[in-house]
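Numbering (our numbering), first residue to last: 69 to 218. For each residue, glycine too, the CB sits at the ideal point set by N, CA and C.
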Amino acid sequence: MRTVFVAVLAAAGTLLSTAAEASPQPTITSGVVAEGLAYQRFTWGELRVGDCHQINGTLTFYSDGTGYWSARTWTDSTHSGDIWHTRFQIVAGAGAGEFFVPTPPKPHDFPTFDSPRMDDDGQRYDWGQPFTYDKLYFNSAREVYQRYSC
């Protein structure tokens with residue numbers, strides 16, 4: 069299935085899965101963690117797909133080329149355990165193009181960050197994943213799309 073971006077990316081698509089959803093634009097904050105290390109943080113409210121939920125989804129880029137993704141997920145109903153799959157497309161400004169997190173190892177690969185296996189016992193799963201990116205992109209993100217499925 070191809071999901072089509074709206075607005076600037078009306079003709080572009082990203083293959084993820086048959087249940088892929090596109091997120092609304094996140095809240096953006098930035099600041100300084102320590103001298104010489106700045107951050108840019110993208111945070112989403114609640115996202116849902118099927119019986120699965122995500123809250124507090126936070127994608128943080130540090131100026132040194134490292135980053136961290138974290139979220140809380142859960143499922144309302146499963147017979148075999150659900151897994152939240154997510155990936156990000158970042159559109160950079162000033163004609164810098166776009167990049168993906170996690171970084172595809174080769175063209176047309178679509179790796180995802182995956183939650184722990186979730187059961188419908190009411191448990192909330194807090195999880196995260198470090199990543200690296202080309203630090204030349206720091207501060208250039210103009211749009212961030214979270215693609216997710218469960």
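- With distances taken between CA atoms, T171 lies nearest to Q197 out of Q197, Y193 and Q122.
- Within the stretch 121 to 160, no run of alpha helix (DSSP H) reaches 4 residues while sitting entirely inside it.
- Between the stretch 199 to 213 and the stretch 102 to 110, the count of Cβ pairs shorter than 8 angstroms is three or higher; the stretches touch.
- 8 angstroms or more divides the Cβ of V159 from the Cβ of G135.
- Its Cα nearest to that of D177, the residue F167 stands out among R185, F167 and P184.
- With respect to the 8 angstroms criterion, D144 and D119 are classified as neighbours on the basis of their beta carbons.
- For the 8 angstroms CB-CB criterion, R140 and R215 do not form a contact.
- Where F110 is concerned, the enclosing beta strand (DSSP E) starts and stops at L105 to W112.
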